[in-house]
Every structure is written in structure tokens, then in C-alpha cells.
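Here's the structure we're looking at; comments come further down.
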Amino acid sequence: MKRSVIIGCGSYLPEKAMKNAEFEEFIDTSDEWIVQRTGIQQRHIAAKGETTADLAEAAARRALDAANVTPDDLDLIILATSTPNNTFPATAVEVQHRLGMRHGAAFDTQAVCSGFVFALTTADQYIRSGQSKRVLVIGAETFSRILDWEDRTTCVLFGDGAGAVVLEAQDGIGEASDRGILTCHLRSDGCHKEKLYVDGGPSSTQTVGFLRMEGKEVFRHAVGMITDVIEDAYSATGKGSEDLDWFVPHQANKRIIDASAKKLKIDPSKVVTTVHLHGNTSAASIPLALDTAVKDGRIKPGHLVMFEAMGGGFTWGSVLVRM
Ligand code: UT7
Numbered sequence: 057m058k059r060s061v062i063i064g065c066g067s068y069l070p071e072k073a074m075k076n077a078e079f080e081e082f083i084d085t086s087d088e089w090i091v092q093r094t095g096i097q098q099r100h101i102a103a104k105g106e107t108t109a110d111l112a113e114a115a116a117r118r119a120l121d122a123a124n125v126t127p128d129d130l131d132l133i134i135l136a137t138s139t140p141n142n143t144f145p146a147t148a149v150e151v152q153h154r155l156g157m158r159h160g161a162a163f164d165t166q167a168v169c170s171g172f173v174f175a176l177t178t179a180d181q182y183i184r185s186g187q188s189k190r191v192l193v194i195g196a197e198t199f200s201r202i203l204d205w206e207d208r209t210t211c212v213l214f215g216d217g218a219g220a221v222v223l224e225a226q227d228g229i230g231e232a233s234d235r236g237i238l239t240c241h242l243r244s245d246g247c248h249k250e251k252l253y254v255d256g257g258p259s260s261t262q263t264v265g266f267l268r269m270e271g272k273e274v275f276r277h278a279v280g281m282i283t284d285v286i287e288d289a290y291s292a293t294g295k296g297s298e299d300l301d302w303f304v305p306h307q308a309n310k311r312i313i314d315a316s317a318k319k320l321k322i323d324p325s326k327v328v329t330t331v332h333l334h335g336n337t338s339a340a341s342i343p344l345a346l347d348t349a350v351k352d353g354r355i356k357p358g359h360l361v362m363f364e365a366m367g368g369g370f371t372w373g374s375v376l377v378r379m
């Protein structure tokens, strides 16, 4: 059977790093509160005129280099974002153009913070059905553009960034010892819309809108939803927490990450946490964390890695992959 093997990854953060203390100048908050409640120490903010496509392109080029392939070798680009350059066309198409790719196809997916997991799952379907040989999957966001900078309950939490992976079709034997994506589990439930949404859009208000969140409510649901889809991955593969080499969760809040790992009995030493460095970058957070742990040598070929995410919608999902 065909497996979707990650043959390279890359990431990009805008140059400007904004420390927690900078918020103290214009809202009623403190470095201490932000670190204690979230683990976040800083986030990166895109420069004036720097767009989601810019971040995505930079991460994509690094992933292509790491995979030692060129855009000619790709047949599909899937870009996960909730902060596209334009309402249309898809930001993926702009990235396709910038990479000089005139063949194949490119499209965006939108599942907010679960976007990368949804995009990876979609790419895996294309590869396993034989429709694609190599797929570039990108998560890229400029959440700083949709924040209400006067709302202390949200503006301290998010940041800008991008991460990308190149997936390649390789033959496997259909066992959990195969390299590549072993199983994917996606969920959504629209009844939770009001807990995390953007209060604008082309069809409703003809404005871009601002992010609105009932943080406590999101937090209350997060751990249960995350652990459910991870248990689905264990059931599908016969694997368990003890078999994981690494847990690479969506980076929203260190308390959610720690509570999920604890509930699943995943050893803290196996958890990749980068939220302190870039805050919640939504669809970009998993590939940013993955790239960090690949580059610093923690994640190696053959390692069993669990990705999970939960976000607006609500949407949530898990992907179990052998590197
Ligand atoms: O990617 C998925 C999307 N998002 C998430 O996963 C976020 C999920 N939620 C969270 O991470 C947490 O709920 C937050 C970090 C947003 C908030 O932490 P919390 O422990 O749930 O705090 P809280 O909302 O219960 O607020 C506690 C207090 C409140 O004051 P009162 O009502 O007790 O007087 C807030 O007004 O903290 C206040 N507060 C702040 N204080 C200083 C809220 N934001 C701030 C702030 N600085 N930035």
C-alpha cells in the first residue's frame, strides 16, 4: 500500500519578536499573568506589508530544500490558513505561482487551529488513492491582523508564522512499522461556533472582523476532545502512549498541552513544546514545533510521532506518523 512519508520540513517566523512586557504599555496585563496562564513568553508579528503568502513561501522553500526536491517534483499544494491574503483566490495558488509551479493543483483548507491536521489528512488521501506522488502541505497564518489589540483576553495569545512539510508516496506493507502517516482522525461540531470565531466575513458583514473567544469554554472542551481523537488513533493502530517517541501537539497553551499529555500518560520528556517562543500560530503551530524538533535532532527517521490539534468550529483531529 501507499504511505505518505514526510521527506522534509521547514518553518519561518517573522523577524519581529514581541515580548509579553510590551503589552503592559497598552493593556492591563502582565508578563507574569501571560506566562502563568499560557506559557507564552513572546510571539512573532509580521512586518507591515508582510503577508501569509510571504510566510508560507519562506517555510515552503525551506521544506523543499530539506526534502531535496523542487517545485517541479510536486503535484499538489495544500495550504491551511484562516488568514488568507485575499478572500479569493486561495493563498495556496499564490504560493504555487511564486514557486514557479504551472502544473498540478493548489488549494486552501480552513479548519482554524486544526488546519494543519486537516490539510495533512487531505494530502494523505490524495497520496494513498494514487492521485498524487508528492504534496507540499503548509500551515501559515498572520493572526496579528485579526486580533482586537484592545482585548486583553485574546490579543496576548496569538502570533504569526508558517511551517511546511513535503509528503512523498512510498510503498509500505500496511503495518504500523511502515514509515509515513499511519492513521488520521478528524472531527468537528459546529454547535460550538460562538465560543471561538471571527466576527466578520465577506458574506455576513463585508468586513474582515476580529477574533472573539470564550477562552475558559474552549479550555474546558480542549483536553477531552484532544484525548478522544488520540485514543481513536491508538485503536486504529494498536499503538499506545508508551509507543510514542514524540508528542507534537497544537501549541495554544502550555496548560492544555500538559493536561492532555498527563491524561494520556505521555511522559513529559516526549512532549515537544514551542508555545513559549511563538504563542498560538493556529494552523502553523504543529509544523513549527515539528521543524524545531527535527532541526535540533530530537525527532529522527523511524520515530513514532503523534500530532493533534483543536480549534475554532470546533474542529479537532489527530495524525499518527512514523518519520
Ligand atoms: O487553539 C485553540 C484556541 N484557543 C485556546 O486553546 C485557548 C483556550 N483557553 C485558554 O488558553 C485560557 O482559557 C486563557 C489563557 C484564554 C485564559 O486562562 P484562564 O485561566 O481560563 O483565565 P480566565 O479566562 O478564567 O480569566 C481569569 C482572570 C479574569 O479576571 P477575573 O474575571 O477573574 O477578574 C480575566 O479577566 O484573568 C483575567 N484576564 C487577564 N488578566 C491579565 C484575562 N486575560 C488577561 C490578561 N492579563 N491578558
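Quick note on numbering: the sequence shown equals residues 57 to 379 in the working numbering.
C-beta atoms are modelled at their ideal positions from N, C-alpha and C, and glycine is treated no differently.
Keep in mind the model is a prediction, meaning the values are calculated, not measured.
- For C211, the enclosing alpha helix (DSSP H) has its first and last residue at 208-211.
- Between the segment 121-138 and the segment 181-199 there are three or more C-beta pairs closer than 8 angstroms, enough to call the two in contact.
- The C-beta of S291 has fewer than 16 other C-beta atoms within 10 Å across all chains shown, which makes the residue exposed.
- Cβ-Cβ separation between A225 and S60: approximately 7 angstroms, consistent with a contact (criterion under 8 angstroms).
- Of the residues G294, S170, I62, the one whose Cα lies closest to the Cα of R190 is I62.
- Straight-line measurement puts the Cα of K319 at about 23 angstroms from the Cα of G335.
- When secondary structure is reduced to three states using DSSP, E231 falls in the coil class, being assigned neither helix nor strand.
- Counting only the Cα atoms, M157 lies some 7 angstroms from D128.
- L132 is bridged by DSSP to A161, V191.
- DSSP places F174 in the uninterrupted alpha helix (DSSP H) bounded by 171-184.
- Secondary structure at N76: helix, using DSSP grouped into helix, strand and coil.
- Its chain contains V279 as the residues whose beta carbon lies nearer than 6 angstroms to that of A315, once the 5 sequence neighbours on both sides are disregarded; these appear in chain order.
- For the 8 angstroms CB-CB criterion, S67 and R118 form a contact.
- Per DSSP, L300 lies in no beta strand (DSSP E) segment and is marked neither H nor E.
- E364 and H306 do touch by the CB rule: their CB atoms are close to 7 angstroms apart, below 8 angstroms.
- Separation of the CB atoms of D216 and A102 is rounded to 4 angstroms, and the pair is thereby assigned contact status at 8 angstroms.
- For the pair V254 and L267, the CB atoms are nearer than the 8 angstroms cut-off.
- Closer than 7 angstroms to some heavy atom of the ligand UT7: that does not describe the Cβ of C240.
- Cβ neighbours of G367 within its own chain (closer than 6 angstroms, five residues either side excluded): V168, C169, S170.
- Residue side-chain check: H334 keeps its Cβ at 7 angstroms or more from all non-hydrogen atoms of the ligand UT7.
- DSSP places R99 within a strand segment (E or B) once states are collapsed to three.
- Per DSSP, K319 is one residue of the alpha helix (DSSP H) stretching across 310-319.
- With distances taken between CA atoms, G219 lies nearest to A116 out of G271, A116, L376.
- Assignment of L111 by DSSP, reduced to helix, strand and coil, places it in the helix class.
- The bridge partners DSSP lists for K58 are D227.
- Exclusion of V327 from the 7 angstroms shell around the ligand UT7 follows from its C-beta lying no nearer than that to any non-hydrogen atom of the ligand.
- Proximity to F275 across G256, G265, G358, F370 peaks at F370, based on C-alpha coordinates.
- Within the DSSP secondary-structure output, H241 pairs in a beta bridge with S374.
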